[in-house]
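In this note's numbering, the protein residues as written are 327 to 588.
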């Protein structure tokens, strides 16, 4: 009888310890849509170029020597890039405050407001119209496509994205994921569009997030993981009472376990 009571008490203690953290509060996308088909219409449109985008633009054609004039590196068109604590200087075509780039021979070209593919097609058409090249191919890539992840993550920082496509979850993975103290229901996304900065709160516990227009990030997006009340409290006096509670429970577990064995 005593042993049965002791075993029950032991199970109660372990249940209390296990209840300190709920998987529903920690797991991503644990709630919401159950039908996977509902997630297939996720939209991933190419973002429009904007001021301060730094672009690499290369032109090629069957006439290699004629194409070289468009691929002259301009050391005056550059910016400093900061990535995870390192600083470097990169060169490229900067979209100015008026939304234009200065391109060899063609002069100023409006870039802001259109996608990379549209700008590529525009430059190709201008080259053909001026009879400078036959069947030119224009390749454009971002040089400063970056996202920042801050707050309650293991490795906060600024991350350069080479393939120019990254999802919200991939950015969190780059940062080492949220700490146990990160608020998964109120992750803040800061995005600047058309000169206006806006903030959006993301609930990572909802599957509907996969259909959100903010699932795929844009260049210069900032993710900020807010600390939970548990973390805020731990900065003050939480460690003291928590250590006392854990210590008392540990002693109880050891005492009961010893009694059961004997």
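Note that the Cβ used here is the ideal one computed from N, Cα and C, for glycine as well.
Residue i Cβ short of 7 Å to the ligand FAD heavy atom set
{"i": "residue 538", "result": "As for the ligand FAD, it is missing from this structure, which has no ligand bound."}
Sheet register partners of residue i (DSSP bridge)
{"i": "residue 484", "result": "474"}
{"i": "residue 523", "result": "518"}
{"i": "residue 538", "result": "The partner list for residue 538 (beta bridge, DSSP) is empty, contrary to what the question assumes."}
{"i": "residue 436", "result": "426"}
{"i": "residue 496", "result": "Answer is none; residue 496 lacks a bridge partner."}
{"i": "residue 462", "result": "Answer is none; residue 462 lacks a bridge partner."}
{"i": "residue 549", "result": "475 and 515"}
{"i": "residue 510", "result": "Paired residue(s): none; residue 510 is not in a bridge."}
{"i": "residue 504", "result": "479"}
Selection from the options that minimises the alpha carbon distance to residue i
{"i": "residue 542", "options": "489, 390, 427 and 444", "result": "489"}
{"i": "residue 514", "options": "423, 418, 476 and 545", "result": "476"}
{"i": "residue 548", "options": "418, 486, 419 and 511", "result": "486"}
{"i": "residue 550", "options": "423, 534, 524 and 451", "result": "524"}
{"i": "residue 509", "options": "457, 555, 391 and 417", "result": "555"}
{"i": "residue 506", "options": "553, 392 and 384", "result": "553"}
{"i": "residue 423", "options": "534, 531, 522 and 379", "result": "379"}
{"i": "residue 387", "options": "457, 483, 532 and 503", "result": "457"}
{"i": "residue 419", "options": "390, 385 and 469", "result": "469"}
{"i": "residue 539", "options": "517, 531 and 522", "result": "517"}
{"i": "residue 483", "options": "466, 503, 467 and 465", "result": "503"}
{"i": "residue 498", "options": "480, 430 and 512", "result": "480"}
{"i": "residue 447", "options": "522, 534 and 385", "result": "385"}
{"i": "residue 520", "options": "383, 394, 425 and 445", "result": "425"}
{"i": "residue 534", "options": "396, 511 and 382", "result": "511"}
{"i": "residue 466", "options": "472, 444 and 455", "result": "444"}
{"i": "residue 382", "options": "455, 536, 429 and 391", "result": "429"}
{"i": "residue 471", "options": "390, 546 and 393", "result": "546"}
Start and end residues, beta strand (DSSP E) containing residue i
{"i": "residue 449", "result": "Element bounds for residue 449: not the beta strand (DSSP E) but the alpha helix (DSSP H), 442 to 455."}
{"i": "residue 386", "result": "380 to 386"}
Residue interval of the alpha helix (DSSP H) (run including residue i)
{"i": "residue 390", "result": "390 to 393"}
Could you check whether the stretch 481 to 495 touches the stretch 456 to 466, counting it as contact only if at least three pairs of C-beta atoms, one from each stretch, sit closer than 8 Å? No: fewer than three Cβ pairs fall under 8 Å.
Just checking, does the stretch 434 to 443 make contact with the stretch 372 to 382 on the three C-beta pairs under 8 Å criterion? With the cut-off at 8 Å, the stretch 434 to 443 and the stretch 372 to 382 touch.
Is there contact here, the stretch 526 to 542 with the stretch 448 to 456, by at least three beta-carbon pairs under 8 Å? Contact between the stretch 526 to 542 and the stretch 448 to 456 is not established, with fewer than three Cβ pairs separated by less than 8 Å.
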